[in-house]
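Residue numbers (my numbering): 416 to 606.
As structure tokens, then:
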């Protein structure tokens, strides 16, 4: 609301005066979101590189069929042409690569959007899922299979990317449940 006084000065109402403050708040929120996105995607990239490095070391160090016993866990080289835990291993590799590529893209978009709207825990979990999916996709793109090297004897052989995916999914689920519970409590207190 604006009115003109007798001195030709413009008088500004409270809703207009608050606009610069909202604008500054919006800018600060966008900068914070951009920094968080950078951190989340950089973290995902670092985790993916760690897994890809471990796969390269496993290929070189365990390629002769050797197993290194570490107690409850052994280092043993295996290759998986299917998806998680060898599911879909009978499918053509281009199908598995295409599907995992599409899923990785979807995870990236969800992660991008979650940063702007969610608590810190959800994007962190999604970043771990994205890291694992990306590392396995890059590995699979080379020869149609994923390099696994962590062996328990009672579970299919897996790799760090699989650990990132499972751990990240668990964190994302817990963050979502926690967020839902907080929203329920807030709506009850408003009533």
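Ideal placement from N, C-alpha and C gives every residue a C-beta, glycine not left out.
All values reported here derive from a predicted model rather than from experimental measurement.
Asked: What's the call for residue 521, buried or exposed, on a 16-neighbour Cβ count within 10 Å?; Found: exposed
Asked: Helix, strand or coil: how does DSSP classify residue 567 here?; Found: coil
Asked: Please name the residue or residues paired with residue 495 in a DSSP beta bridge.; Found: 561
Asked: Determine the direct distance from the alpha carbon of residue 439 to that of residue 454, and round the result to whole angstroms.; Found: 22 Å
Asked: Is residue 488 closer than 9 Å to residue 362 when the C-beta atoms are compared?; Found: An answer regarding residue 362 cannot be provided, because it is not within the stretch 416 to 606 covered by the chain.
Asked: Per DSSP, which one or two residues make a beta bridge with residue 484?; Found: 489
Asked: I'd like to check one pair, residue 538 with residue 549: are the Cβ atoms closer than 9 Å?; Found: no
Asked: Measure how close the beta-carbons of residue 555 and residue 512 come, nearest whole angstrom, since I'm counting them as under 8 Å.; Found: 6 Å
Asked: Excluding the 5 residues preceding and the 5 following residue 459 in the sequence, name in chain order all residues of the same chain whose CB lies nearer than 8 Å to its CB.; Found: 526, 542, 543, 545, 546 and 549
Asked: Determine the closest residue to residue 496 out of 484, 485 and 509, with distance taken between C-alpha atoms.; Found: 509
Asked: Counting Cβ pairs closer than 8 Å, one from the region 466-476 and one from the region 571-584, do we hit at least three?; Found: yes
Asked: Applying the 10 Å Cβ sphere with the 16-neighbour rule, what's the burial state of residue 449?; Found: exposed
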